[in-house]
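Colleague: Numbering (this note's numbering), first residue to last: 1203 to 1440.
All C-beta atoms, glycine included, are put in the ideal place defined by N, C-alpha and C.
These figures come from a predicted structure and were not determined experimentally.
(1) Residue 1372: which of 1349, 1288, 1364, 1360 sits nearest, CA to CA?
(2) Go ahead and label residue 1399 buried or exposed: buried means 16 or more other beta carbons lie within 10 angstroms of its beta carbon, across all protein chains shown.
(3) Whole angstroms is fine: what's the gap from residue 1314's alpha carbon to residue 1321's?
(4) Is residue 1416 helix, strand or coil by DSSP?
(5) Spatial neighbours of residue 1257 within its chain, please: CB distance less than 7 Å, with the 5 preceding and 5 following residues excluded, ordered by chain position.
(6) Using 8 Å for Cβ pairs, my map puts residue 1297 next to residue 1266. What's the rounded Cβ distance?
(7) Near residue 1302, which residues of its chain fall below 7 Å by C-beta distance, leaving aside the five closest residues on each side in sequence?
(8) Within 10 angstroms of the Cβ of residue 1242, are there 16 or more other Cβ atoms? Answer buried if so, exposed if not.
(9) Please report how far the alpha carbon of residue 1299 lies from the alpha carbon of residue 1289, in whole angstroms.
(10) Under 8 Å by Cβ, that's how I've got residue 1439 and residue 1416 pegged, so tell me the actual separation to the nearest angstrom.
(11) Identify which residue in 1317, 1347, 1312 has its Cα closest to the Cα of residue 1329.
(12) Roughly how many angstroms separate the alpha carbons of residue 1377 and residue 1369, rounded to a whole number?
(13) Report yes if the C-beta distance between residue 1246 and residue 1270 is below 9 Å; otherwise report no.
(14) Is residue 1358 near residue 1325, with beta carbons less than 9 Å apart?
(15) Any chance the CB of residue 1365 is under 8 Å from a heavy atom of the ligand MG?
(16) So, are the CB atoms of residue 1367 and residue 1332 less than 9 Å apart?
(17) Between which residues of its own chain and residue 1362 is the CB-CB distance below 6 Å, once the five residues before and five after are set aside?
(18) Residue 1379: buried (16+ other C-beta within 10 angstroms of its C-beta) or exposed?
(19) At the level of alpha carbons, what is the spacing between residue 1323 and residue 1355?
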C-alpha cells in the first residue's frame, strides 16, 4: 500500500506501507518507519510520484531508460502488442523491438545480426528457461533458454538474471569463463525510494501511466488486470 501525504507544514513525503506491516492502512493516521519515506521533489506531480514507487515503474522500463541515459543501444523483447506499444512510446526509441509471441523471430539470430555477430554487452532477463519441458505453459515457452542467453553474451559480457533458481552446468560455466563473462542476480529492492525520486526528478526516467482513475473505476481496472485482459500502470485518484 502506498501513501502520499504532508506532515503538518513539513516537507512532502511519499512512502510504502509494507505488506507485513503491523499497522493498518485504512485509517486517518498511521505510523510508518522512516526507511519507507522519502522527500517528494516539488517539480514532481503526485501522480508521477505514486506511479513511480514500488510496482508503479517496472524494472524493465527503468533498465531501458537508464541504459539509454548512459548512451547504450537497447534491444528489447516483448510478449504482446500492448508491451510493444508501450516501448514505442519511450523517447529516445529502442534500437530493436523483438516480438517473440508470434514465433517469427529467433532471438539469438536477431540479436547477433543486430550486433554484427559480436554479441550483447549486458543482458537483463525477465525469466529464463532452464530445461526444455513438454508440459511448459505458453508464457514459459516464450522465455529465452539459458543457452541462448550465454550464446548472446559478448566477450566480457554481463548477465543479470531474475531467475532465483538458476542452475548452470559445467559446460555452461566453462563457456562463460572462456568469454570472460559474469552472472549476477537482480534484487528488486536495490532500487530504494531516494534513488527513484532523484532520477525521476532529473528526468532520467519517467513512468508510462494512463490517466488517473477515480476510486469508483478502480475495481474495473483491477478486474481487467487480474483476468489478464490488460497490463497497465494505473493511479487511483481519491
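Modeller: If we stick to the structure as given:
(1) 1349
(2) Burial call: buried.
(3) 6 Å
(4) strand
(5) Note that residue 1257 scores 48 on pLDDT, short of 50, meaning its location in the model is unreliable; the coordinates nonetheless yield the value given after this. Nothing meets the Cβ criterion.
(6) Rounded, the Cβ-Cβ distance is 10 Å, inconsistent with contact.
(7) For residue 1302, where only same-chain residues beyond five positions count, the Cβ hits under 7 Å are 1279, 1281, 1309, 1344.
(8) buried
(9) If you draw a straight line from the Cα of residue 1299 to the Cα of residue 1289, it comes to about 8 Å.
(10) The pair is a contact, with the Cβ atoms about 6 Å apart (cut-off 8 Å).
(11) 1347
(12) If you take the alpha carbons of residue 1377 and residue 1369, they lie about 14 Å apart.
(13) no
(14) no
(15) In the structure on display, the ligand MG does not appear, and there are no ligands present to speak of.
(16) yes
(17) 1326, 1386, 1388
(18) exposed
(19) 6 Å
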